[in-house]
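Student: FYI, in my numbering the residues of the sequence shown are 1 to 87. Where a beta carbon is used, it is the ideal one built from N, C-alpha and C, also for glycine. Pasting in a structure now, in structure tokens, and then I'll have a few things to ask.
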Amino acid sequence: MYKHNIHICLGSSCFSRGNEELLELIKDYLSKNNLKEKTDFRGHLCSGECKCGPNLTIDGQEYHNLKIENIEKILDRHFRKETVTEI
Ligand code: FES
């Protein structure tokens, strides 16, 4: 059973506006922090919110207009407590 979920929009608009790169960054982050096995990370098709993309949802929290430079901070905010307690 997964503890977390990350759903990334892989529709053409979000994909071309940044989610192609964010997908790789998130995969790297999950691997680096031993979160891969605990996280259901999946893509989905366009949800009709292209104008506020690229879009991502982490544990039910929606993020819009994502910037590549902010993704690590966002992931840290969600996962920091867990990665710290595992040390
Ligand atoms: S492509 Fe992501 S909401 Fe449309």
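Any heavy atom of the ligand FES within a distance shorter than 7 Å of the CB on Ile48?
Tutor: Ile is not the amino acid found at residue 48; the sequence shown has Gly there. Answer for Gly48: yes, Cβ within range of the ligand FES.
Student: Near Ser12, which residues of its chain fall below 6 Å by C-beta distance, leaving aside the five closest residues on each side in sequence?
Tutor: none
Student: From which residue to which residue does the alpha helix (DSSP H) around Lys62 run?
Tutor: Sequence inspection shows Glu at residue 62; the Lys mentioned does not correspond to that position. Membership of Glu62 in any alpha helix (DSSP H) is not indicated; the residue belongs instead to the beta strand (DSSP E) covering 61-63.
Student: Might you give, ordered along the chain, the residues of its own chain that have their beta carbon closer than 6 Å to the beta carbon of Tyr63, omitting 5 neighbours on each side?
Tutor: Excluding residues within five positions, the ones whose Cβ falls inside 6 Å are Leu56.
Student: Considering only C-alpha positions, which residue in the set Phe41, Lys38, Ile26, Phe79 is nearest to Leu66?
Tutor: Distance check between Leu66 and each of Phe41, Lys38, Ile26, Phe79 places Ile26 closest, using alpha-carbon atoms only.
Student: Taking C-alpha atoms, which residue in Arg77, Leu35, Gly18 lies nearest to Cys50?
Tutor: Gly18
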